[in-house]
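Numbering (our numbering), first residue to last: 2 to 179. Virtual Cβ for every residue (Gly too), placed ideally from N, Cα, C. Quantities reported herein were computed from a predicted structural model and do not represent experimental measurements. Working notes for the structure below.
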């Protein structure tokens, strides 16, 4: 039974997020590092996703975070790529880029743009002092601002990635439902 739940939970979150975004005229983009595009993959498994999902970027290297998402090099130096500060800047940068891409369209208003960011250590290597394998930071950019979260997941690389992607979706769903 748990295998069925595990396979359907991302789809159910995607459907619920899609319904909520469609209802308010919202658009979503994702910025991922340690999940390698899994959040975007799960979102695009939902039929009709193009009505509310504009795309995602995988910024694994710090240079990509700086270049594509406008994450500050100072933030990366001071806090590291795996930090709440970086997750917040990833989400804000993506939301800013999203607004520029949409230009003057109705959906370009801040009220309609949402972004999810994920950055962490999926393992099996890469643990840092105070940041063990499984440490993941999240950013959720909404019209009300950016919030972040931190979780430490257990398991192998793939399981950490799946748990992190699911947490990212559940976090957005919670914010859309508030």
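Exercise. Where does residue 70 land, buried or exposed, given buried means 16+ other C-beta within 10 angstroms?
Worked result: For the purposes of this step, residue 70 is taken as the residue at position 69 of the chain shown. Classified as buried, residue 70 has 16 or more neighbouring CB atoms from the shown chains inside 10 Å of its CB.
Problem set entry | Exposed unless 16 or more other CB atoms sit within 10 angstroms - verdict on residue 101 | Indexing the chain shown from 1 puts residue 101 at position 100. With fewer than 16 other CB atoms across the displayed protein chains lying within 10 angstroms of its CB, residue 101 is exposed.
For this session: State the DSSP-derived secondary structure class of residue 14, mapped to helix, strand or coil.
Result: Residue numbering aside, residue 14 sits at position 13 when the chain shown is read from its first letter. Residue state, collapsed to three classes: helix.
Problem set entry | Rounded distance between the beta-carbons of residue 60 and residue 88, thought under 8 angstroms | As a working mapping, residue 88 is identified with position 87 in the chain shown. As a working mapping, residue 60 is identified with position 59 in the chain shown. In fact, because the Cβ distance is near 12 angstroms, the residues do not count as touching under 8 angstroms.
For this session: Identify every run of the beta strand (DSSP E) within the region 75-162, keeping only runs that are complete inside it and at least 3 residues long; order them along the chain.
Result: Counting whole runs of 3 or more residues, the region 75-162 contains the beta strand (DSSP E) stretches 114-121, 136-143 and 146-153.
Exercise. Out of curiosity, what's the CA-to-CA distance linking residue 43 and residue 156?
Worked result: Sequence index remark: in the chain shown, residue 43 carries index 42 (1-based). Sequence index remark: in the chain shown, residue 156 carries index 155 (1-based). Straight-line spacing of the CA atoms in residue 43 and residue 156 works out to 20 angstroms.
Problem set entry | Cα-Cα separation, residue 166 to residue 96 | Working through the chain shown from its first residue, we reach residue 166 at position 165. Working through the chain shown from its first residue, we reach residue 96 at position 95. Rounded to the nearest whole angstrom, the C-alpha separation of residue 166 and residue 96 is 19 angstroms.
For this session: Give a yes or no on whether the C-beta atoms belonging to residue 170 and residue 21 are separated by under 8 angstroms.
Result: In the chain shown, the residue the question calls residue 170 occupies position 169. In the chain shown, the residue the question calls residue 21 occupies position 20. Contact: no.
For this session: Can you have a look at residue 93 and say buried or exposed, based on whether 16 or more other CB atoms are within 10 angstroms of its CB?
Result: Numbered from 1 along the chain shown, position 92 holds the residue referred to as residue 93. Here residue 93 is buried: its Cβ has 16 or more other Cβ atoms, across all protein chains shown, within 10 Å.
For this session: Within 10 angstroms of the Cβ of residue 153, are there 16 or more other Cβ atoms? Answer buried if so, exposed if not.
Result: To locate residue 153, count along the chain shown from 1; it is residue 152. So residue 153 ends up on the exposed side.
Problem set entry | Neighbourhood of residue 48 by C-beta distance below 8 angstroms, restricted to the same chain and skipping five residues each side | As a position in the chain shown, residue 48 is number 47, starting the count at 1. None.
Exercise. If you draw a straight line from the C-alpha of residue 23 to the C-alpha of residue 53, how long is it?
Worked result: For this step, residue 23 is matched to residue 22 along the chain shown. For this step, residue 53 is matched to residue 52 along the chain shown. Whole-angstrom Cα-Cα distance: 6 angstroms.
Problem set entry | Reduced DSSP secondary structure (H/G/I, E/B, other) of residue 175 | Position 174 of the chain shown, counting from 1, holds the residue named residue 175. Helix.
Problem set entry | Bounding residues of the beta strand (DSSP E) (the contiguous stretch that carries residue 40) | Indexing the chain shown from 1 puts residue 40 at position 39. Premise fails: residue 40 lies in the alpha helix (DSSP H), 39-44, not in any beta strand (DSSP E).
For this session: Might you give, ordered along the chain, the residues of its own chain that have their beta carbon closer than 7 angstroms to the beta carbon of residue 108, omitting 5 neighbours on each side?
Result: Locating residue 108 in the chain shown gives position 107, where the first residue counts as 1. Note on residue 108: pLDDT 49, under 50, position unreliable in the model; the coordinate value appears next. Exclusion of the five residues before and after residue 108 leaves 26 and 28 as the residues of its chain whose Cβ lies within less than 7 angstroms of its Cβ.
For this session: Could you tell me whether any non-hydrogen atom of the ligand GDP is closer than 7 angstroms to the CB of residue 18?
Result: The ligand GDP is not among the ligands present in this structure, which contains no ligands whatsoever.
Exercise. Counting along the chain, where does the alpha helix (DSSP H) carrying residue 67 start and finish?
Worked result: Within the chain shown, numbered from 1, the residue matching residue 67 stands at position 66. Element bounds for residue 67: 63-70.
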